[in-house]
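>
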Amino acid sequence: MGQPPSNRQIAALLRRIGNILDILGENRFKVMAYRRAADNIESLPQDLADYWREGRLREVPGIGEALAGKLDELLRTGRMSYLERLEQQVPSGVVEMLEIPEVGPRTARLVWEKLGITSIQELETAAKAGRLRQLPGMGAKTEARILAGIQALARRSHRTPIGEARPVAMALLAGLQEAIPALERAMVAGSLRRWKETIGDIDLLVAARDSEPVMEAFVHLPDVAEVLLRGDTKTSIRTRDGLQVDLRVVPPERWGTALQYFTGSQAHNIALRERALKLGFSLSEYALKREDGQELLCAAEEEVYEALGLPWIPPELREDRGEIEAAAEGRLPRLIETADLQGELHAHSTWSDGTASIEEMAEAARARGYRYLVITDHSQSLGVTGGLSVDQLREQRAEIERLNRRWTDFRLLQGAEVEILADGALDYPDEVLAELDCVVASIHSGLRQNREQITARALAAIRNPHVDILGHPSGRLLGHREASDIDLEAVLQAAAEAGTALEVNAHPARLDLDDVHVRRAMELGVPIAINCDAHSPGDFDLIVYGVATARRGWATPDRVLNALSLDQLERWLHTHGKGG
DNA sequence: GCCGTTTTCGGCCCGACTGTTTTCAGTCG
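Counting from 1001, one number per residue, gives the positions in the first sequence under the numbering used here.
1) Using CA coordinates, which residue listed in L1153, A1416, R1185 and Q1380 is at the minimum distance from R1397?
2) Just to confirm the assignment, what range does the beta strand (DSSP E) spanning A1574 have?
3) Based on DSSP bridge pairs, tell me the residues matched to D1203.
4) Using a 10 Å radius around the Cβ and a threshold of 16 neighbouring Cβ atoms, would you call D1391 buried or exposed?
5) If you check the beta carbons only, do S1445 and H1472 fall under 8 angstroms apart?
6) Ignore the nearest five residues each way along the sequence and tell me which others in M1010's own chain have a CB closer than 6 angstroms to its CB.
7) At the level of alpha carbons, what is the spacing between L1135 and Q1003?
8) Consult DSSP for S1092 and reduce its assignment to one of helix, strand or coil.
9) For T1183 and V1206, what's the separation of their Cα atoms in angstroms?
10) I'd like to confirm the pairing. Which residues does DSSP put opposite C1438 in its beta bridges?
11) Check this for me: beta carbons of L1153 and E1226, under 8 angstroms apart or not?
12) Whole-angstrom Cβ separation of S1536 and D1512, contact assumed at under 8 angstroms?
13) From R1185 to E1113, what does the alpha carbon distance come to, in whole angstroms?
14) Who are the Cβ neighbours of G1525 in its own chain at under 8 angstroms, not counting the five residues just before and after it?
15) In three-state DSSP terms, what is A1501?
16) Are the stretch 1480–1496 and the stretch 1454–1466 in contact at 8 angstroms, needing three or more beta carbon pairs?
17) DSSP on F1410, reduced to helix/strand/coil?
18) Specify, as a first and last residue, the run of the beta strand (DSSP E) that D1377 falls within.
19) Just to confirm my understanding: we take G1062, look at its own chain, exclude 5 residues before and 5 after, and list those with CB closer than 6 angstroms. What are they?
20) Could you pull out every unbroken beta strand (DSSP E) segment of at least 3 residues lying fully inside the stretch 1083–1159, listed in chain order?
21) By a C-beta neighbour count over all protein chains shown, 10 Å radius and 16 as the cutoff for buried, is E1323 buried or exposed?
22) Per DSSP, what are the beta-bridge partners of V1224 in this structure?
23) Please look up how many angstroms separate the CB atoms of L1147 and R1166, rounded, as I've assumed it's under 8 angstroms.
24) Do you know how far the Cα of D1050 is from the Cα of H1268?
25) For the candidate residues Q1244, V1504, L1075 and P1101, whose alpha-carbon lies nearest to that of T1549?
26) Given a threshold of 16 other Cβ atoms within 10 Å of its Cβ, counted over all protein chains shown, does L1279 qualify as buried or as exposed?
27) So, does the stretch 1331–1350 touch the stretch 1364–1378, judging by three or more C-beta pairs under 8 angstroms?
28) Name the DSSP bridge partner or partners of I1469?
29) In whole angstroms, give me the CA-to-CA distance for P1101 and T1107.
30) Compute the Euclidean distance between the alpha carbons of T1239 and V1249, then round it to the nearest angstrom.
31) Just grab the DSSP bridge partners of T1198 for me.
32) Using CA atoms only, rank isn't needed, just tell me which of L1413, D1423, A1460 and E1419 is closest to L1566.
33) With respect to the alpha helix (DSSP H) encompassing G1354, which residues constitute its N-terminal and C-terminal limits?
34) Do you know whose CA, among R1448, L1477, V1440 and A1422, lies nearest I1469's CA?
35) Hey, S1265 and E1319: beta-carbon distance below 8 angstroms or not?
36) Can you tell me which of E1059, L1373 and V1418 puts its alpha carbon nearest to the alpha carbon of N1404?
Following this line, the structure appears as structure tokens:
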């Protein structure tokens, strides 16, 4: 039997069931149940197949008796007969239509039944020929919206990495503030405020008495390519590079409820509203409403949570992954903050593929208030990066020692980003690694090896007593390269045993470990290092992305290596993995 | 479909915007 399906594949199957049921007009709560289960499975840190093997499927939120039975069949046989039956009832092209913005289950079913349309291609042809407007409840405008939706889908079907979306959002906010200097408050909300690794669309929130001038200024910002909809409280535009941006304007006295609502996530909000109902409130973006209709306004977000008997919950945690329960029980973690960080453990210089000298990198780190910086240039086998030979490594040591005489409040350490070779050996011999202060071991080649091979490489590195940190463990590049097939659960278990740290690479194209595996690292007691993998002084600014990812994984400062003081760090580097 | 500090049955978040509507359906978040 082949490999069990991944969580993502299973989630996709359940979403497919949900979509087909939706088109067939099934009970919407049943549809939602499939989608909710899919979301929950996708955010599990371990393979669902592991839960299944241990008979713990029902422990996953959203999996009840019926779904457990279907998943059991899938994991036993590789098939799900229920889905196969459903697929015979609706052509796959009709299901695909749900991907089109503006097209939902009703529309998909309508064009299928009335016009016999069974693909996005046919839908486009029919729309262009003006045949959709003949359908009941449809007109020329709807037809045009659908056509625009099909084109938008072709232009941008994927989510945008946060590193691309965030600067766009900041520029739009700055543009608004410039156009309306008297703007009371303006903030990013939505998945961007939660620091999700990819962003579907950008949500902006503004407090103002009069929304009209704000909306007017917004649609005339230079980056706006198209106005999708325009109302009193909500306006949506598409930017020139295809990002959708929603702007909402609320009166200042309702800022708290509005910010809470527009920050999401949807799952968090639903859970919060259910809690509100139990307490006799109805919660919306405008107010908490009592059963007698009386409104309780919240100008600050804290007031919303307080009214529901909860402490304020950091946006990074708002995914309905247990944060509401933890808040209710006073168990919210004290999350790591950028200000906790004392140094950087992964930085390159001109000795390999960095753009700045060791001295420039050190001064930049020191200027940020860091107390230490580990220089980790590439090892010899990575030719394209100018990896260092053993001799060069020793020359570099002299340079670092010379520079260190300069400061009393700051220290350079010598490390290396040593390549984990295709056969699992490290790119420097042990006696060379032993001379280094801090060793980051990473995989840059052979990323397409099968699961056993690539996992074995990582495990060998983790168990080498000279290796302190496993760099960017999954090897993914958001939007460019999928994660390798590495078994991260095995990696985390081995790291817990060996006392080796795992990196949370802060580069917004990596964010690797990701949030759910950081969470698992916290459960297992695995230390993490939040690293910029800096190749220039400017890269130190990327730390915010890494800290946010760690926070999304419930990371606390006591588990973060570079939150240690220099003394503590040196002690840790000296003793870990050596039985000390 | 799931789920339970009232419920193993009867609930299941709440509202904006648009278009084609004489009062609402569909989509979205």
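For glycine and all other residues, C-beta sits at the position ideal for the given N, C-alpha and C. Every value quoted in this text rests on a predicted model; they were computed, and no experiment measured them.
Let me lay it out:
1) Numbered from 1 along the first sequence, position 397 holds the residue referred to as residue 1397. Measuring from the Cα of R1397, the nearest candidate turns out to be A1416.
2) Within the first sequence, residue 1574 is the residue found at index 574, counting from 1. Note that residue 1574 corresponds to His in the displayed sequence, not to Ala. Not the beta strand (DSSP E): H1574 falls in the alpha helix (DSSP H), residues L1566 to T1575.
3) Residue 1203 sits at position 203 when you count from the first residue of the first sequence. DSSP, once it has assigned bridges, lists A1189 and D1246 as partnering D1203.
4) Looking up residue 1391 in the first sequence gives position 391. Exposed.
5) For the purposes of this step, residue 1445 is identified with residue 445 of the first sequence, where counting begins at 1. For the purposes of this step, residue 1472 is identified with residue 472 of the first sequence, where counting begins at 1. No Cβ-Cβ contact shorter than 8 angstroms links S1445 with H1472.
6) As a working note, residue 1010 is residue 10 in the first sequence. The question names Met, yet the displayed sequence has Ile at residue 1010. Cβ neighbours of I1010 within its own chain (closer than 6 angstroms, five residues either side excluded): I1041 and L1048.
7) Here the question's residue 1135 lines up with position 135 in the first sequence. Here the question's residue 1003 lines up with position 3 in the first sequence. Cα to Cα, L1135 sits roughly 47 angstroms from Q1003.
8) Within the first sequence, numbered from 1, the residue matching residue 1092 stands at position 92. The answer is helix: DSSP assigns S1092 an H, G or I state.
9) Indexing the first sequence from 1 puts residue 1183 at position 183. Indexing the first sequence from 1 puts residue 1206 at position 206. This sequence places Leu at residue 1183; Thr is not what is there. Here the alpha carbons of V1206 and L1183 stand approximately 8 angstroms from one another.
10) Along the first sequence, one-based indexing puts residue 1438 at 438. According to DSSP, which records beta bridges pairwise, C1438 is partnered with G1415.
11) Walking along the first sequence from the start, residue 1153 turns up at place 153. Walking along the first sequence from the start, residue 1226 turns up at place 226. No. Outside cutoff.
12) Stepping through the first sequence from its first residue, residue 1536 is reached at position 536. Stepping through the first sequence from its first residue, residue 1512 is reached at position 512. The C-beta separation of S1536 from D1512 comes to about 20 angstroms, leaving the pair out of contact by the 8 angstroms criterion.
13) Locating residue 1185 in the first sequence gives position 185, where the first residue counts as 1. Locating residue 1113 in the first sequence gives position 113, where the first residue counts as 1. In this model, R1185 and E1113 are separated by some 49 angstroms (Cα to Cα).
14) Stepping through the first sequence from its first residue, residue 1525 is reached at position 525. The beta carbon of G1525 sits closer than 8 angstroms to the beta carbons of A1496 and R1559 from its chain, once the five residues preceding and following it are set aside; these are given in chain order.
15) Translated into positions along the first sequence, residue 1501 becomes position 501. In this structure, A1501 counts as strand in the three-state DSSP scheme.
16) In this structure the stretch 1480–1496 touches the stretch 1454–1466; the number of beta carbon pairs closer than 8 angstroms is three or more.
17) Sequence index remark: in the first sequence, residue 1410 carries index 410 (1-based). Correct three-state label for F1410: coil.
18) Mapped onto the first sequence, residue 1377 falls at position 377. D1377: member of the beta strand (DSSP E) spanning Y1372 to H1378, first to last residue.
19) Along the first sequence, one-based indexing puts residue 1062 at 62. If we look at G1062 and ignore the five residues flanking it on each side, its Cβ neighbours are R1036, A1037 and N1040.
20) Unbroken beta strand (DSSP E) runs of no fewer than 3 residues, entirely contained in the stretch 1083–1159, are not found.
21) In the first sequence, residue 1323 corresponds to position 323, counting from 1. Buried: at least 16 other Cβ atoms inside 10 Å.
22) Taking the first sequence and counting its residues from 1, one reaches residue 1224 at position 224. In DSSP, V1224 forms a bridge with T1239.
23) Start at 1 with the first residue of the first sequence, and residue 1147 comes out as number 147. Start at 1 with the first residue of the first sequence, and residue 1166 comes out as number 166. The beta-carbon separation of L1147 and R1166, rounded to 31 angstroms, does not stay under the 8 angstroms limit for a contact.
24) Here the question's residue 1268 lines up with position 268 in the first sequence. Here the question's residue 1050 lines up with position 50 in the first sequence. Cα-Cα distance, rounded: 26 angstroms.
25) Locating residue 1549 in the first sequence gives position 549, where the first residue counts as 1. For the options Q1244, V1504, L1075 and P1101, the alpha carbon positioned closest to that of T1549 is the one of V1504.
26) In the first sequence, residue 1279 corresponds to position 279, counting from 1. Counting Cβ neighbours within 10 Å, L1279 comes out exposed, since fewer than 16 surround it.
27) Segments in contact, yes.
28) Counted from its first residue, the first sequence places residue 1469 at position 469. Checking the DSSP bridge columns, you'll see I1469 partnered with V1440 and A1501.
29) Reading the first sequence from its first residue, position 101 is the one you call residue 1101. Reading the first sequence from its first residue, position 107 is the one you call residue 1107. The straight-line gap from Cα to Cα measures roughly 11 angstroms.
30) Indexing the first sequence from 1 puts residue 1239 at position 239. Indexing the first sequence from 1 puts residue 1249 at position 249. Rounded to the nearest angstrom, the two C-alpha atoms are 19 angstroms apart.
31) Stepping through the first sequence from its first residue, residue 1198 is reached at position 198. T1198 pairs with P1161.
32) For the purposes of this step, residue 1566 is identified with residue 566 of the first sequence, where counting begins at 1. Checked all of L1413, D1423, A1460 and E1419; the closest Cα to L1566 is L1413.
33) Start at 1 with the first residue of the first sequence, and residue 1354 comes out as number 354. Here G1354 belongs to no alpha helix (DSSP H), and DSSP marks it neither H nor E.
34) Mapped onto the first sequence, residue 1469 falls at position 469. The shortest C-alpha separation from I1469 is found at V1440.
35) The sequence position of residue 1265 within the first sequence is 265, counting from 1. The sequence position of residue 1319 within the first sequence is 319, counting from 1. In this structure, S1265 places its C-beta atom within 8 angstroms of the C-beta atom of E1319.
36) For the purposes of this step, residue 1404 is identified with residue 404 of the first sequence, where counting begins at 1. The residue with the shortest Cα to Cα distance from N1404 is L1373.
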